[in-house]
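Worksheet: one structure, shown below.
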Amino acid sequence: MKEDKIGGSGAEAAAFVSGVAAGFLSTFAGHPFEVIKTRLQIRDDIKTGRWPSWNMAQALLRSDQPHIAFARGFTSNAIGNAIGWGGFFAVKAVVERSILSFKSDPSVGSSTSSSENQPRLSSADTFVAASVAGYATQILANPIFVVKTRMLAVPRGSPNAYANTADAILKIYRNEGWKAFYSGVGISIFGVVQVGLQFVMYDYLKDQYRISRKAKGIVEGSEEDQLTHAETTIISTISKTVSITAMYPYQVIRTRMQMTDAKNTFGDGIIGVVKNLRKEKQIRAFYKGLGPAIVRTLPATWVTFLVYEDLKPFLQRVFTGTKDGEGRNS
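Under the working numbering, the final residue of the sequence shown carries the number 332; numbering is consecutive throughout.
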C-alpha cells in the first residue's frame, strides 16, 4: 500500500466521518438478515428443518406485523455500525500513519522523496493496524451491540421484551449492572482477528489491481488508477467471505454470551458455551446462521466500502484542502 500523502487530524476526521456514513447506510442493506442470523444463533434445538434460514424468515413473515419483526433493533444496530465503522477507520488511519512515520525515521532506515522509495505498509502492518482498530472499536461499541443482540433475539410483545433501545439500556443497567454491557467482549478478540484477515486480503487485492495497472503504464495516484465500483465490490466480497467463514464460530459463542441469563441458559463463560454447542449438533452448531450472516454481510460490505472509498477522498479535500495522493484508499 502506498503511503498516505495526507497526515494529521484531517485524514483521521475524513476516515471517521466516511466510516460513520458507511456504517449507518450499510445497516439498511443487512438488518433483516441480522435478525434471522441472531435468532438462529441462540436456538438450542436442531428442529429447524433442512433450510433453517428460510424457515426462520418464513416464521417472521407469518408474524402479525412482519415489517416490525424484521426492523426489530434497527436503531441500536445502526448506531453500533456507525460508531463501529467510524471509529475503526479513524483508528486504523492513525495506526497506519504511525507505522509509516516510524519507517520514515532516518534512525530506523533511509528515506527519500522518491515515490519508489517511500515506505509502504506490509501485510503484517495492515494486520496490526486493523487489529488494533478492531479491538479499540469493539470495546467502544460493545455496549450498544449487547443491546442490539438482545432486542433482535426477543420478538416485540414477548415476555420481558424491551420496548426500544432506551428501554433496553435502562433495564440492562438496573437489572444486571454496567458489566452486562461488556459481556462477550473477551471472545470478540476472535472478531479482531477476522477484521485483520479481511483487511490484509482487501489491501493485498487492491495492491494487485494497482500493480497490474502500473504494468500497463497507468500512473499511480491518477484518476485511472482508482478502483472502479465493480472492482471494489469484487475484492470486498472475496475478503469478507473468506474471513467471516474462517472465524464465524466466535459469533455464535459471543451472541449466546450476550443474552439475558446466559450463564444458566447457554453455559458459564466461553468454555461452558462451547461445551453446550458441542452437545447440540457437534461442529454444525458452531455455524448456525452462517448462511444469512454471509447474505447479510455482503450487501452491507458492498455499501460500506463503496460509500467509504467514494466519500473519503472528498472529505479529505474538505478537511485538509489537499487532494489525496492515492485517490480512494482504505
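Yeah, the Cβ is synthetic: ideal placement off N, Cα and C, and Gly gets one too.
### Query
Rounded to the nearest angstrom, how far is the Cβ of I171 from that of V187, given a contact under 8 Å?
Taking the first residue of the sequence shown as position 1, residue 171 is located at position 169. Taking the first residue of the sequence shown as position 1, residue 187 is located at position 185. V187 and I171 do not touch by the CB rule: their CB atoms are close to 17 Å apart, not below 8 Å.
### Message
For S28 and T239, I'd like the C-alpha separation in whole angstroms.
### Response
For the purposes of this step, residue 28 is taken as the residue at position 26 of the sequence shown. For the purposes of this step, residue 239 is taken as the residue at position 237 of the sequence shown. The alpha-carbon atoms of S28 and T239 are separated by roughly 14 Å.
### Message
Quick check on the burial criterion: 16 or more other C-beta atoms within 10 angstroms. Buried or exposed for P177?
### Response
On the sequence shown, position 175 is the one that residue 177 refers to. According to the sequence provided, residue 177 is Asn. The question's Pro does not apply to it. With fewer than 16 other Cβ atoms within 10 Å, it is exposed.
### Task
Return the residue from the list I146, Y310, V320, V197 that minimises the CA-CA distance to G21.
For the purposes of this step, residue 21 is identified with residue 19 of the sequence shown, where counting begins at 1. Out of I146, Y310, V320, V197, Y310 has the C-alpha closest to the C-alpha of G21.
### Cβ distance (whole Å) where F18 is taken to contact A92 below 8 Å
Along the sequence shown, one-based indexing puts residue 18 at 16. Along the sequence shown, one-based indexing puts residue 92 at 90. Going by Cβ atoms, the distance from F18 to A92 rounds to 4 Å, so yes, they are a contact pair.
#### Entry: Span separating the alpha-carbon of D312 from that of E233
Taking the first residue of the sequence shown as position 1, residue 312 is located at position 310. Taking the first residue of the sequence shown as position 1, residue 233 is located at position 231. Rounded to whole angstroms, D312 to E233 spans 13 Å at the Cα level.
### Task
Take the Cβ of V96 as the centre, count every other Cβ of all protein chains shown within 10 Å, and call the residue buried at 16 or more, exposed below.
Within the sequence shown, numbered from 1, the residue matching residue 96 stands at position 94. Buried: at least 16 other Cβ atoms inside 10 Å.
### Task
Along the alpha helix (DSSP H) that carries Y206, what are the first and last residues, could you check?
Here residue 206 refers to the residue found at position 204 when the sequence shown is read from its first residue. 191-217 is the extent of the alpha helix (DSSP H) around Y206.
### Query
Count the other CB atoms within 10 Å of the CB of I285; is the residue buried (16 or more) or exposed (fewer)?
Taking the sequence shown and counting its residues from 1, one reaches residue 285 at position 283. Its Cβ having fewer than 16 others within 10 Å, I285 is exposed.
### Task
Buried or exposed for F321, please, with buried defined as at least 16 other CB atoms from any protein chain shown within 10 angstroms of its CB.
Looking up residue 321 in the sequence shown gives position 319. Buried: at least 16 other Cβ atoms inside 10 Å.
### Message
What does the Cβ neighbour count give for H69, buried or exposed, with the cut at 16 atoms within 10 Å?
### Response
On the sequence shown, residue 69 is found 67 positions in, with the first residue counted as 1. Answer is exposed; the Cβ neighbour count stays below 16.
### Query
For I174 versus A168, is the C-beta distance shorter than 9 Å?
What you label residue 174 is simply residue 172 of the sequence shown in a count that begins at 1. What you label residue 168 is simply residue 166 of the sequence shown in a count that begins at 1. No, Cβ-Cβ distance for I174 and A168 is not below 9 Å.
### Query
Under the rule that 16 or more other beta-carbon atoms within 10 Å means buried, what is N79, buried or exposed?
The residue you call residue 79 lines up with position 77 of the sequence shown. Looking at its Cβ environment, which holds 16 or more other Cβ atoms inside 10 Å, N79 is buried.
### Query
CB-CB under 6 Å to S241, same chain, minus the five flanking residues each way: which ones, in chain order?
On the sequence shown, residue 241 is found 239 positions in, with the first residue counted as 1. Answer for S241: Q200, M203, Y204, listed in chain order.
### Query
Going by other Cβ atoms of all chains shown within 10 Å of its Cβ, with 16 needed for buried, is H33 buried or exposed?
Walking along the sequence shown from the start, residue 33 turns up at place 31. H33 is classed as buried because its beta carbon has at least 16 other beta carbons within 10 Å across all chains shown.
### Query
Which of helix, strand or coil does DSSP assign to A170?
To locate residue 170, count along the sequence shown from 1; it is residue 168. DSSP places A170 in helix when its eight states are reduced to three.
### Message
Whole angstroms are fine: how far does the CA of Q120 sit from the CA of T77?
### Response
Counting from one through the sequence shown, the residue named residue 77 turns up at place 75. Counting from one through the sequence shown, the residue named residue 120 turns up at place 118. Rounded to the nearest angstrom, the two C-alpha atoms are 44 Å apart.
### Contacting residues, own chain, Cβ-Cβ under 6 Å from F26 (five flanking each side not counted)
Translated into positions along the sequence shown, residue 26 becomes position 24. Around F26: A80, A84.
#### Entry: Through-space distance from A23 to P315, alpha-carbon basis
For the purposes of this step, residue 315 is taken as the residue at position 313 of the sequence shown. For the purposes of this step, residue 23 is taken as the residue at position 21 of the sequence shown. If you take the alpha carbons of P315 and A23, they lie about 14 Å apart.
### Query
Can the beta-carbon of L42 be found closer than 9 Å to that of K290?
Residue mapping note: residue 42 aligns to position 40 of the sequence shown, counting from 1. Residue mapping note: residue 290 aligns to position 288 of the sequence shown, counting from 1. Yes.
### Query
Of the residues L317, R319, L308, which one's Cα is nearest the Cα of A31?
As a position in the sequence shown, residue 31 is number 29, starting the count at 1. The residue from L317, R319, L308 with its alpha-carbon nearest to that of A31 is L308.
### Query
Who are the near neighbours of G269 in its chain, counting only those whose CB is closer than 7 Å to its CB and skipping five residues on each side?
On the sequence shown, position 267 is the one that residue 269 refers to. Result list for G269: V275, K277, N278, in chain order.
### Task
With a 10 Å radius around its C-beta and 16 neighbouring C-beta atoms as the bar for buried, classify W87 as buried or exposed.
Walking along the sequence shown from the start, residue 87 turns up at place 85. When all chains shown are included, W87 counts as buried.
### First through last residue of the alpha helix (DSSP H) which encompasses Q253
Residue mapping note: residue 253 aligns to position 251 of the sequence shown, counting from 1. Note, Q253: alpha helix (DSSP H), 251-259.
### Message
Beta-carbon within less than 6 Å of A138's beta-carbon, same chain only, minus the 5 sequence neighbours each way: which residues are those?
### Response
In the sequence shown, residue 138 corresponds to position 136, counting from 1. Excluding positions up to five away in sequence, the list reads V93.
### Message
Please classify Q210 as buried or exposed, where buried requires at least 16 neighbouring CB atoms within 10 angstroms.
### Response
Counting from 1 along the sequence shown, the entry for residue 210 is found at position 208. That one is exposed.
### Query
With C-beta atoms as the reference, is M261 less than 9 Å away from T151?
In the sequence shown, counting from the first residue as 1, residue 261 sits at position 259. In the sequence shown, counting from the first residue as 1, residue 151 sits at position 149. With contacts defined by Cβ atoms closer than 9 Å, M261 and T151 form a contacting pair.
### Message
Nearest by alpha-carbon distance to F35: which of Q140, A73, S65, R99 is it?
### Response
For the purposes of this step, residue 35 is taken as residue 33 along the sequence shown, with counting starting at 1. Of Q140, A73, S65, R99, the residue nearest in Cα terms is A73.
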